[in-house]
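FYI, this note's numbering numbers position 75 of the sequence shown as 66, with every residue one higher than the one before it. Read through the structure below, which is laid out as structure tokens, and then see the notes.
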Amino acid sequence: MIYYSTYSSPLGDIYLVSDGQFLTQLFFADQKLPSSYTYNPNLHIFSLTIQFLDEYFQNKNPKILIPIKPSGTQFQKLVWNIVQKIDYGTTKTYRQIAEEVKLITGQTHMSAQAIGGALKHNPLLIVIPCHRVVGLHHQLVGYSGGLSLKRALLKNEQIINED
-8 MIYYSTYSSP LGDIYLVSDG QFLTQLFFAD QKLPSSYTYN PNLHIFSLTI QFLDEYFQNK
52 NPKILIPIKP SGTQFQKLVW NIVQKIDYGT TKTYRQIAEE VKLITGQTHM SAQAIGGALK
112 HNPLLIVIPC HRVVGLHHQL VGYSGGLSLK RALLKNEQII NED
């Protein structure tokens, strides 16, 4: 069975999804939730995730470890693992991540576009902080939640100071 709960963030409602043990998805409520999911806000994994999100939206670096189980290809999971290591309040470029993937896999070439393709399918927004991945000259590009949401998340972490 797949369970869900909701979280009301300063940027809009967020769906939390779990298999009962792991957090499997976290996405903003502008996306459609499958009707087969069962509402159950009482799961421990949701309590942990809410604590994480509360800290995050209070401009703190959350230290809560959330057991996650994202569904994706081996390549996507490799990229997501690298992105999870980007420190709060910092960014990396798609090119930097491509270089890391290239070193790990032993490939001679890895495109920044391939990294963007993997991040487009990130099922755990904020927890796997793909909003911290920016273009070559630190421009804001490519975020599945939209660039205004990416900008808001980066402002929350005080990475950008635009008003």
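Here a beta-carbon is modelled for each residue, glycine too, at the ideal position from N, C-alpha and C.
- Of all C-beta pairs linking the region 24 to 33 to the region 68 to 80, fewer than three are shorter than 8 Å, placing the two stretches out of contact.
- Residue pairing for Leu7: DSSP places it in a beta bridge opposite Ser(-4), Leu17.
- Separation of Ala105 and Gln65 (C-alpha to C-alpha, rounded to the nearest whole angstrom) is 13 Å.
- Distance from the CA of Ala89 to the CA of Thr(-3), rounded to the nearest whole angstrom, comes to 34 Å.
- Contact between Leu34 and Gly11 holds, since their C-beta atoms are separated by about 7 Å, short of 8 Å.
- Relative to the Cα of His129, the nearest Cα in the group Val118, Gly136, Arg142 belongs to Arg142.
- Minimum Cα-Cα distance from Val124 among the listed residues Asn152, Ile57, Asp78 corresponds to Asp78.
- Only residues of its own chain outside the window of five on either side were considered, and among them Ile36, Thr40, Ile57, Ile59 have a CB closer than 6 Å to the CB of Leu14, listed in chain order.
- With contacts defined by Cβ atoms closer than 9 Å, Asn147 and Phe48 form a contacting pair.
- Counting of Cβ neighbours within 10 angstroms places Leu110 among the buried residues, the total reaching 16 or more.
- Here DSSP, grouped into helix, strand and coil, assigns Ile59 to strand.
- For the set Val8, Phe19, Phe18, Gln22, the Cα lying nearest the Cα of Asn31 is the one of Val8.
- By the Cβ neighbour-count rule, Asn113 is buried, with 16 or more other Cβ atoms within 10 Å of its own.
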